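Protein chains in written order, with numbering that gives the first Met the number 0: chain A, 0 to 456; chain B, 0 to 152. The C-beta atom is built at its ideal place from N, Cα and C for all residues, glycine as well. These numbers were taken from a predicted model, which means no experiment stands behind them. Structure first, then comments.
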Amino acid sequence: MKIIILGAGQVGTTVAQNLAREANDITVVDHNGDLLREMQDRLDIRTVQGQASHPQILLQAGAEDADMIIAVTNSDETNMVACQAAWTLFHTPTKIARVRAPEYLKHPALFSQNALPIDVLISPEQLVTDYILRLIEHPGALQVLDFAGGLVRLVAVRAYYGGPLVGHELRDLNDHLKSGEARVAAIYRKGQAIEPHGDTVVEPDDEVFFLAATQNIPAVMRELRRAEKPFRRLIFAGGGNIGRRLAAALERRYRVKVIEQNPECAASAAEQLRDTIVLCGDAADEDLLREENIEDSDVFCAITNDDEVNILSAMLAKRLGARKVMALINRAAYVDLVQSGNVDIAISPQHATIGSLLTHVRRGDVVMVHSLRRGAAEAIEAVAHGKPGDSKVVGRMIEDIRLPEGASIGAIVRGDTVIMAHHDTVIESEDHVILFLMNKRKIEEVERLFQVSWSYL
Amino acid sequence: MLDQGILEPGGIRLDDPSPSKKRVLERAAQILSRGNGDMGVAIFERLLERERLGSTGLGGGVALPHARMPGLSQSRAGFLRLARPVDFDSVDGKPVDLVFALLVPEDATEEHLKLLAELARLFHGQSLREELRKAGVEQAYKLLTESSNHDAA
Numbered sequence: 000m001k002i003i004i005l006g007a008g009q010v011g012t013t014v015a016q017n018l019a020r021e022a023n024d025i026t027v028v029d030h031n032g033d034l035l036r037e038m039q040d041r042l043d044i045r046t047v048q049g050q051a052s053h054p055q056i057l058l059q060a061g062a063e064d065a066d067m068i069i070a071v072t073n074s075d076e077t078n079m080v081a082c083q084a085a086w087t088l089f090h091t092p093t094k095i096a097r098v099r100a101p102e103y104l105k106h107p108a109l110f111s112q113n114a115l116p117i118d119v120l121i122s123p124e125q126l127v128t129d130y131i132l133r134l135i136e137h138p139g140a141l142q143v144l145d146f147a148g149g150l151v152r153l154v155a156v157r158a159y160y161g162g163p164l165v166g167h168e169l170r171d172l173n174d175h176l177k178s179g180e181a182r183v184a185a186i187y188r189k190g191q192a193i194e195p196h197g198d199t200v201v202e203p204d205d206e207v208f209f210l211a212a213t214q215n216i217p218a219v220m221r222e223l224r225r226a227e228k229p230f231r232r233l234i235f236a237g238g239g240n241i242g243r244r245l246a247a248a249l250e251r252r253y254r255v256k257v258i259e260q261n262p263e264c265a266a267s268a269a270e271q272l273r274d275t276i277v278l279c280g281d282a283a284d285e286d287l288l289r290e291e292n293i294e295d296s297d298v299f300c301a302i303t304n305d306d307e308v309n310i311l312s313a314m315l316a317k318r319l320g321a322r323k324v325m326a327l328i329n330r331a332a333y334v335d336l337v338q339s340g341n342v343d344i345a346i347s348p349q350h351a352t353i354g355s356l357l358t359h360v361r362r363g364d365v366v367m368v369h370s371l372r373r374g375a376a377e378a379i380e381a382v383a384h385g386k387p388g389d390s391k392v393v394g395r396m397i398e399d400i401r402l403p404e405g406a407s408i409g410a411i412v413r414g415d416t417v418i419m420a421h422h423d424t425v426i427e428s429e430d431h432v433i434l435f436l437m438n439k440r441k442i443e444e445v446e447r448l449f450q451v452s453w454s455y456l
Numbered sequence: 000m001l002d003q004g005i006l007e008p009g010g011i012r013l014d015d016p017s018p019s020k021k022r023v024l025e026r027a028a029q030i031l032s033r034g035n036g037d038m039g040v041a042i043f044e045r046l047l048e049r050e051r052l053g054s055t056g057l058g059g060g061v062a063l064p065h066a067r068m069p070g071l072s073q074s075r076a077g078f079l080r081l082a083r084p085v086d087f088d089s090v091d092g093k094p095v096d097l098v099f100a101l102l103v104p105e106d107a108t109e110e111h112l113k114l115l116a117e118l119a120r121l122f123h124g125q126s127l128r129e130e131l132r133k134a135g136v137e138q139a140y141k142l143l144t145e146s147s148n149h150d151a152a
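What follows is the structure, given as structure tokens:
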């Protein structure tokens with residue numbers, strides 16, 4: 000695919016890295032020539048220097064032939080105007096824009112083919128907020144990802160010594176579960192992927208990804224792990240957009256405190272939030288954390304716009320006895336460092352964003368992509384179309400579908416019904432099929448499977 | 000094999016310079032719109048939508064982009080011969096230089112499926128492909144409209 004990326008910042012760079020690996024034809028536009036040169040040294044891309052929304056620059060970047068434009072400059076306005084120019088002047092088929100300001104996002108009517116022609120709006124703050132909300136809903140989960148509009152979830156948990164998961168063959172798993180079925184999609188042992196088979200035995204400390212119908216997940220998790228008490232007391236460090244959204248969504252069901260350093264920001268947050276206690280202070284201040292009974296808190300989640308503050312305050316909170324600590328981290332290098340240390344969960348906005356972008360790059364009718372393990376693995380929701388004659392999946396039993404090595408089908412959503420995959424389940428047209436792919440290099444084979452043949456009408 | 004009126008001589012463009020799949024589809028939509036600009040954009044979007052589900056490149060340098068079109072009462076076709084082959088994400092991975100675009104009514108029937116299958120069968124024949132690659136407009140029109148008896152022979 001020919002793709003133009005506007006903006007060579009954090010997200011633009013991450014996206015370019017991911018897409019350049021996949022034999023796409025990428026052009027990156029930015030006004031900063033140094034950033035572009037640095038990128039060009041590392042990646043097989045073309046670059047154009049200039050103002051990203053100017054038609055002449057878009058033309059130079061190849062807009063006449065581009066299949067997709069991804070507008071992720073720092074400016075919402077530039078991103079929106081660039082999409083408008085791309086559509087009006089070049090009929091660019093797919094237009095994706097990052098828009099951050101809630102003032103725009105509040106009005107969905109702004110974003111339609113007749114208004115601002117943006118096919119996909121990416122709001123990293125909303126993505127991060129949803130991501131954290133799901134983690135808080137499922138104590139003990141390292142990662143919780145939605146499929147089929149939330150009907151199915153993929154959950155990562157760590158297996159504990161003495162837990163029901165450890166020491167048993169996977170084939171016994173569903174016998175253990177009284178609460179409904181679950182499928183183990185992947186196991187990571189000391190960072191290495193293990194393909195799960197019926198006779199695979201889970202070891203302590205394994206990271207286990209399983210799929211289940213969303214309503215069954217709390218029960219499945221209770222059975223897989225030591226009973227983990229639900230969270231009650233939450234502390235958020237950072238009262239910006241993300242902190243406020245989280246507090247507003249959670250304040251009725253949890254006891255929520257927000258710590259914000261900027262007095263004005265703290266005051267306006269306090270005004271917006273009804274049942275949340277907003278404190279003005281430094282989240283990395285030991286005395287403040289002790290005063291707020293950090294040792295009794297279930298979750299300490301640092302989401303300021305400063306990576307260092309987030310990491311340090313989360314580490315401090317952990318040392319002072321917070322049960323689970325999370326930190327929002329923008330720099331990819333930090334994410335890797337921290338995940339192996341004292342922070343329970345490192346949250347990367349780039350990572351959350353890349354999945355929604357990849358969804359639109361994938362061939363075939365792919366409606367959801369979650370990038371996992373720093374992009375090495377991928378979980379995909381693809382829709383099957385056609386008749387047996389023009390589809391490689393419709394009308395076939397799962398065991399007869401020629402999946403590449405390391406790929407597995409975990410569940411199917413047919414209408415509103417979740418069907419856990421069995422070897423003899425037959426795929427029907429319009430089924431949403433949820434797959435796990437351990438090795439992203441095999442993605443093309445999966446894409447081919449779900450593409451209809453030329454004869455599909 | 001093509002019914003009267005599906006393909007007009009004006010619907011044939013030879014040595015079209017479109018350098019990418021996107022522009023080929025844009026050009027095909029323009030031809031199929033028969034001069035109606037707004038409709039051209041709508042057709043382009045339908046062709047794209049179909050192409051997203053899987054390429055219509057059927058191999059041997061041939062693509063049959065097609066779509067159902069709301070409000071259309073009779074099928075329409077257009078033919079493009081490209082000056083330079085473009086990547087079309089075809090089954091055989093080969094670039095495409097012969098593009099036969101087809102638009103059918105929204106409630107397309109068995110008859111339309113047969114038409115598509117017939118076109119594919121036709122283009123599978125190497126002789127027709129070779130003749131189309133050398134033909135002028137008139138001859139191309141003849142080949143495409145009268146080739147039912149010409150066949151894949």
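{"Query": "Give the secondary structure of LYS189 of chain A by DSSP, where H, G and I count as helix, E and B as strand, and everything else as coil.", "Result": "coil"}
{"Query": "Which residue marks the beginning of the alpha helix (DSSP H) containing GLY340 of chain A, and which one marks its end?", "Result": "Where GLY340 of chain A is concerned, there is no enclosing alpha helix (DSSP H), given that its DSSP letter is neither H nor E."}
{"Query": "In chain order, what residues of the same chain lie with their CB nearer than 6 Å to the CB of TYR187 of chain A, ignoring the 5 residues before and after it?", "Result": "GLU206"}
{"Query": "Give me the DSSP bridge partner(s) of THR93 of chain A.", "Result": "A:MET67"}
{"Query": "Residue range of the alpha helix (DSSP H) that THR128 of chain A falls in?", "Result": "123-136"}
{"Query": "Counting only the same chain and skipping the five closest in sequence on each side, list residues whose C-beta sits under 7 Å from that of ALA15 of chain A.", "Result": "ILE4, ILE25, VAL27, MET38, LEU42 and ILE44"}
{"Query": "With a floor of 4 residues, list each alpha helix (DSSP H) that falls wholly inside the stretch 343-428 of chain A, ordered by position along the chain.", "Result": "348-360"}
{"Query": "Listing by chain order, which chain A residues have their CB less than 9 Å from the CB of ALA100 of chain B?", "Result": "Within chain A, no residue comes near ALA100 of chain B; the closest Cβ sits about 13 Å away, beyond 9 Å."}
{"Query": "Thinking C-alpha only, which one of A:GLN55, A:ALA378, A:ALA383 and A:ARG330 is nearest THR12 of chain A?", "Result": "A:ARG330"}
{"Query": "Excluding five sequence neighbours on each side, which residues of the same chain lie with their C-beta closer than 8 Å to the C-beta of ASN309 of chain A?", "Result": "ALA236, GLY237, ALA301, ILE302, THR303, ALA326, LEU327 and ILE328"}
{"Query": "Distance, Cα to Cα, GLU270 of chain A vs HIS53 of chain A?", "Result": "40 Å"}
{"Query": "What do you reckon, are the CB atoms on ILE42 of chain B and ALA66 of chain B nearer than 9 Å?", "Result": "yes"}
{"Query": "State yes or no: is the beta carbon of HIS128 of chain A nearer than 9 Å to at least one beta carbon in chain B?", "Result": "Looking at the sequence shown, residue 128 of chain A is not His but Thr. Answer no: the Cβ-Cβ gap between THR128 of chain A and chain B never drops below 9 Å."}
{"Query": "Could you spell out the range, first to last residue, of the alpha helix (DSSP H) harbouring GLY77 of chain B?", "Result": "Segment 75-85 is the beta strand (DSSP E) holding GLY77 of chain B; no alpha helix (DSSP H) there."}
{"Query": "Can the beta-carbon of VAL98 of chain B be found less than 9 Å from the beta-carbon of LEU127 of chain B?", "Result": "no"}
{"Query": "Given a limit of 8 Å on CB to CB distance, which residues of the stretch 84-99 of chain B reach chain A?", "Result": "ASP88 and VAL90"}
{"Query": "Give the DSSP-derived three-state secondary structure of ALA158 of chain A in the structure shown.", "Result": "coil"}
{"Query": "Considering just the uninterrupted stretch of the beta strand (DSSP E) at ALA28 of chain B, what are its terminal residues?", "Result": "It is not in any beta strand (DSSP E) - ALA28 of chain B instead sits in the alpha helix (DSSP H) that spans 20-31."}
{"Query": "Among all the DSSP beta bridges, which residues are the ones paired with ILE2 of chain A?", "Result": "A:ILE25 and A:MET67"}
{"Query": "For a contact defined as C-beta to C-beta under 7 Å, what are the partners of HIS384 of chain A on chain B?", "Result": "LEU52"}
{"Query": "Alpha carbon to alpha carbon, what distance is there between LYS113 of chain B and GLY70 of chain B?", "Result": "21 Å"}
{"Query": "Is the stretch 374-393 of chain A touching the stretch 432-445 of chain A in the sense that three or more CB pairs, one from each, lie closer than 8 Å?", "Result": "yes"}
{"Query": "What in chain B is Cβ-close to ASP66 of chain A, meaning under 7 Å?", "Result": "LYS21"}
{"Query": "Between the C-alpha atoms of THR46 of chain A and ILE353 of chain A, what's the straight-line distance to the nearest angstrom?", "Result": "20 Å"}
{"Query": "With distance defined between alpha-carbon atoms, name the residue in A:ASN73, A:THR91, A:VAL80 and A:THR77 nearest to ALA65 of chain A.", "Result": "A:THR91"}
{"Query": "Please decide whether TYR455 of chain A counts as near chain B, where near means a Cβ-Cβ distance under 9 Å.", "Result": "yes"}
{"Query": "Can ALA107 of chain B and LEU169 of chain A be called in contact, C-beta distance under 9 Å?", "Result": "no"}
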